[in-house]
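S.K.: Line by line, the protein sequences are chains A and B.
Going by my numbering, the first residue of the first sequence is number 1, and it counts up by one from there.
Going by my numbering, the first residue of the second sequence is number 1, and it counts up by one from there.
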Amino acid sequence: MFLIALKMLFNDKAKFFGIVMGVTLASLVITQQGSIFTGIMTRTFGTITDMSYPDIWVMDRKVQFIDDIKPLADTALFEVRGIEGVASAVPLYKGMIRARMDNGTFQNCNLYGLDDASLIGGPGVMVEGRLEDLRRAESVIVDLEGATSRLAKPGPTPDASRVPLKVGDTLELNDHRAVVVGISKGSRTFQSQPNIYTTYSRAVTFAPRERKLLSFIFVKAKPGEDIYELCERITKRTGLAAYTGDQFKMLTVNYFLKYTGIPINFGIAVSLGFLVGTLITGFMFYSFTIDNLKYLGTLKAMGVGDGKLMAMIMLQALTVGFIGFGLGVGIASFFGTSMKETQLAFRLTWQLVFAAGGAVVIICMLAAMLSVRKVIALEPAIVFKG
Amino acid sequence: MTTLAPAVSAIAPEGNTRPIAVRCRQVTKNYGSGNSTVRALRGVDLDVFEGEMLMMVGPSGCGKTTLISVVAGVLDRDAGECSVFGKDFSALSGSERTRFRGQTIGFVFQSFNLIPTLTIAENVSVPLLLNGVGRSAALKKAKDMLAVVGLGDRVNEAPNRLSGGQQQRVAISRALVHDPKLIVCDEPTSALDHETGGRVMELLRSVAMSGNRSLIVVTHDNRIFNFADRIAHMDDGIVDKVVGSAKDLYGPNMAAK
Chain A
1 MFLIALKMLF NDKAKFFGIV MGVTLASLVI TQQGSIFTGI MTRTFGTITD MSYPDIWVMD
61 RKVQFIDDIK PLADTALFEV RGIEGVASAV PLYKGMIRAR MDNGTFQNCN LYGLDDASLI
121 GGPGVMVEGR LEDLRRAESV IVDLEGATSR LAKPGPTPDA SRVPLKVGDT LELNDHRAVV
181 VGISKGSRTF QSQPNIYTTY SRAVTFAPRE RKLLSFIFVK AKPGEDIYEL CERITKRTGL
241 AAYTGDQFKM LTVNYFLKYT GIPINFGIAV SLGFLVGTLI TGFMFYSFTI DNLKYLGTLK
301 AMGVGDGKLM AMIMLQALTV GFIGFGLGVG IASFFGTSMK ETQLAFRLTW QLVFAAGGAV
361 VIICMLAAML SVRKVIALEP AIVFKG
Chain B
1 MTTLAPAVSA IAPEGNTRPI AVRCRQVTKN YGSGNSTVRA LRGVDLDVFE GEMLMMVGPS
61 GCGKTTLISV VAGVLDRDAG ECSVFGKDFS ALSGSERTRF RGQTIGFVFQ SFNLIPTLTI
121 AENVSVPLLL NGVGRSAALK KAKDMLAVVG LGDRVNEAPN RLSGGQQQRV AISRALVHDP
181 KLIVCDEPTS ALDHETGGRV MELLRSVAMS GNRSLIVVTH DNRIFNFADR IAHMDDGIVD
241 KVVGSAKDLY GPNMAAK
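#1: What are the residues of the segment 168 to 202 of chain B that lie near chain A, defined by any Cβ-Cβ distance shorter than 7 Å?
#2: Quick check: Val-218 (chain B) and Met-53 (chain B), are their CB atoms within less than 8 Å of each other?
#3: Can you say whether Trp-350 (chain A) is buried or exposed, counting buried as having 16 or more other CB atoms within 10 angstroms of its CB?
#4: Can you find a CB in chain B that lies within less than 8 Å of the CB of Met-302 (chain A)?
#5: When you compare each of A:Gly-124, A:Asn-103 and A:Gly-122 to Arg-162 (chain A) by their alpha carbons, which one comes out closest?
#6: Kindly indicate the opening and closing residues of the beta strand (DSSP E) around Phe-49 (chain B).
#7: Short of 8 Å in beta carbon distance, which residues of its chain neighbour Ala-221 (chain A), apart from the five on each side in sequence? Order them along the chain.
#8: Count the other C-beta atoms from every protein chain shown that fall within 10 angstroms of the C-beta of Leu-111 (chain A), then say buried if there are 16 or more, exposed otherwise.
#9: For Pro-91 (chain A), which beta-bridge partners are listed by DSSP?
#10: When you compare the CB positions of Val-23 (chain A) and Ile-363 (chain A), do they come within less than 8 Å of one another, or not?
#11: Below 8 Å between beta carbons: does that hold for Leu-214 (chain A) and Pro-91 (chain A)?
#12: Determine the direct distance from the alpha carbon of Asn-131 (chain B) to that of Arg-101 (chain B), and round the result to whole angstroms.
#13: Label Gln-343 (chain A) either buried or exposed according to how many other C-beta atoms from any shown protein chain fall within 10 Å of its C-beta, with 16 as the threshold for buried.
#14: Quick one: is the Cβ of Ala-207 (chain A) within less than 7 Å of any heavy atom of the ligand FAD?
#15: Report the neighbours of Lys-15 (chain A) on chain B: residues whose CB is nearer than 9 Å to its CB, in chain order.
#16: Would you verify that the beta carbon of Met-8 (chain A) is, or is not, closer than 8 Å to some beta carbon of chain B?
#17: Taking the alpha-carbon of Ser-125 (chain B) as reference, which of B:Arg-99, B:Arg-97 and B:Asn-156 has the nearest alpha-carbon?
#18: Drop a sphere of 10 angstroms on the beta-carbon of Leu-275 (chain A), count the other beta-carbons inside from all chains shown, and report buried for 16 or more, exposed for fewer.
#19: Kindly identify the DSSP beta-bridge partner or partners of Leu-111 (chain A).
#20: Exposed or buried, which one is Ile-30 (chain A) when buried takes at least 16 other CB atoms within 10 Å?
#21: Got a sec: which bits of the segment 145 to 166 of chain B sit with their beta carbon under 7 Å from any beta carbon on chain A, in order along the chain?
#22: Can you give me the C-alpha to C-alpha distance between Leu-41 (chain B) and Lys-241 (chain B), rounded to a whole angstrom?
#23: In this structure, what does DSSP give as the bridge partners for Ser-184 (chain A)?
#24: Looking only at C-alpha atoms, which of B:Met-234, B:Val-71, B:Leu-215 and B:Val-149 sits nearest to Arg-199 (chain B)?
#25: Using a Cβ cut-off of 8 Å (strictly closer), state whether Gly-211 (chain B) contacts chain A.
#26: Roughly how many angstroms lie between the CA atoms of Leu-119 (chain A) and Glu-132 (chain A), to the nearest whole one?
#27: Who are the neighbours of Tyr-286 (chain A) on chain B, taking C-beta pairs under 7 Å?
#28: Inspect the beta-carbon positions of Cys-24 (chain B) and Cys-62 (chain B) and report whether they are closer than 8 Å.
#29: Less than 8 Å separating the beta-carbons of Asn-174 (chain A) and Ile-97 (chain A)?
#30: Kindly indicate which three-state DSSP category Arg-211 (chain A) falls into: helix, strand or coil?
#31: Determine the direct distance from the alpha carbon of Ala-21 (chain B) to that of Ile-183 (chain B), and round the result to whole angstroms.
#32: Look up Arg-202 (chain A) in the DSSP assignment and say whether it is helix, strand or coil.
#33: I'd like to check one pair, Gly-34 (chain A) with Leu-272 (chain A): are the Cβ atoms closer than 8 Å?
#34: Assign Asn-292 (chain A) to one of three DSSP states: helix, strand, or coil.
#35: For a contact defined as C-beta to C-beta under 7 Å, what are the partners of Phe-107 (chain B) on chain A?
#36: Please confirm if the segment 332 to 347 of chain A is in contact with the segment 39 to 46 of chain A, defined as three or more CB-CB distances below 8 Å between the two stretches.
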């Protein structure tokens, strides 16, 4: 009987494609908008992802996300180093700086000052040059995105395209000369400014003068040390906040979820996709069932029980759901892959696929329930009424 | 065909030894409630014997379709007794009733009710599938049955590619393929022209009656009355007359009332 149910579904091509399109639309919107939302949220902690070395990030207790810098006193570094279980602790400067361009305009940049000795926290992927080149005088590393766009030099003529910054070029950072010794590549972040890396000691000379300049302390735990206990110990001893990388990522994401309109904007888009998908699928599926009511009544009169009829309808609903879901996720994946090299924030995770699948199952069940009610209430005697 | 005297009793007389397929006593069925109640059946008494073709005739709205719906177990009666081969549908659970109906009764509908998205062989195989026959065996038996009704060369076609008469032959095949003991036909010839209707009734008579089955045929079509063993006339929710031939019902010229 299940094969008959599927044949009834597949052979009514117009309705079948209509229902599948409804589910496809819903799963496409849910997956695509969800992926962009996830992509944007992932960008908020791109810097934390790239700086994977530390077991623990230590910072001021008031820090709410990665770009929320509340500088610490330099003595905090020595305090942390003295805590039991800490293998090493190095400083990180993170701040904003103005780079003066060749044409006289200014560009705000993110400046990272890495521990002079270890260069911990430096970019993971070097496109040109080496991280160690930062030990040379006046040296900086610029990220590829910044080098090819915002920090690119004007072309030789007004109409010519801009010339990307390259190794050997110089920059003027807050009235200090800086020489580009490398081009790096990292995760995109929520901020659009170029990223510039240099040593900690050089960064604090580049940066505008402030009483405190230490942004974060990177802590490496001793082998076998319980990271969470060490975090608690650091907080207890120093009064500073100490988070694992994952905790700091969640802190950052939660800030953006709580204080920006991003979730509600995407939530509306995703809800709309769900609603439109449910309405289209529900209407088309219901209409499909109504069209077949006479035949379902015939089957009922001939001896098909309500349970089997319900199972047949559920099978039809889940079949269109499965096909529509596959198409929707497939199109969303294709969209994401084809836009990979653009600015689009797109991150399709298995959790998102799972959630979209759950939403599609709900859509199909709602559509099937509408139809099942009609079939259960159907008097088989209807078949004698012509 | 048996020719009986006019005004034959609707129920088997005392001492009857002929096996009874359907037995109805004082069956009532109402639709709606309050002032809008429609009394579709007002105490029907009727016996249908095994191996006979009983035609049910009467004006529109007299309760024919309601009665066969009750007899076939697709509609619950309000009161009275009704049993099919000794089984009372109201004493059966929902699933038992469904199973019994699937095994015991075959249906032929006025508008054929063939599922348009299945081939005719698949349509015919449905009752077999419902009775637990495997798909390939069911299809083979369905094709054999279609060959019996002269459609053996069209088994893989869709119903809408057949003429009305051919579709009704498919519906008859579907009603017979699982060898039910009772066939219920609702206006089987009303959608067909005279010649085709006659051929369909000949087919029903020859094929369906061959296994000592009982047939109840609801019809308005007086052209097919002479295929009946008995004709039960209904009016206003009761069987008011059972006769052996149309002549007994409408006089020598067989004109419909």
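Even for Gly, the Cβ is constructed at its ideal location relative to N, Cα and C.
As the structure is a prediction and not an experimental result, all values here were calculated from the model.
M.R.: For this structure:
#1: Asp-186
#2: no
#3: Exposed, because fewer than 16 other Cβ atoms sit within 10 Å of the Cβ of Trp-350 (chain A).
#4: yes
#5: A:Asn-103
#6: 38 to 49
#7: Asp-55, Ile-56, Gly-85, Val-86, Ala-87, Ile-227 and Leu-230
#8: buried
#9: Pro-91 (chain A) is bridged to A:Ile-217.
#10: It is a contact, given that the beta carbons lie within the stated cut-off.
#11: Taking 8 Å as the cut-off, the Cβ atoms of Leu-214 (chain A) and Pro-91 (chain A) count as close.
#12: 10 Å
#13: exposed
#14: The model depicted lacks the ligand FAD and carries no ligand whatsoever.
#15: Correct list: empty, because the minimum Cβ distance to chain B is about 10 Å.
#16: yes
#17: B:Asn-156
#18: exposed
#19: A:Gly-95 and A:Ile-196
#20: The Cβ neighbour count for Ile-30 (chain A), taken over all protein chains shown within 10 Å, is at least 16; the residue is labelled buried.
#21: none
#22: 15 Å
#23: A:Met-126 and A:Asp-143
#24: B:Val-149
#25: no
#26: 8 Å
#27: Those do not exist, as Tyr-286 (chain A) stays about 18 Å from chain B at its closest Cβ, beyond 7 Å.
#28: no
#29: Yes.
#30: coil
#31: CA-to-CA, the gap between Ile-183 (chain B) and Ala-21 (chain B) works out to about 11 Å.
#32: DSSP places Arg-202 (chain A) in the helix class (H, G or I) of the three-state scheme.
#33: no
#34: coil
#35: Ala-301 and Met-302
#36: yes
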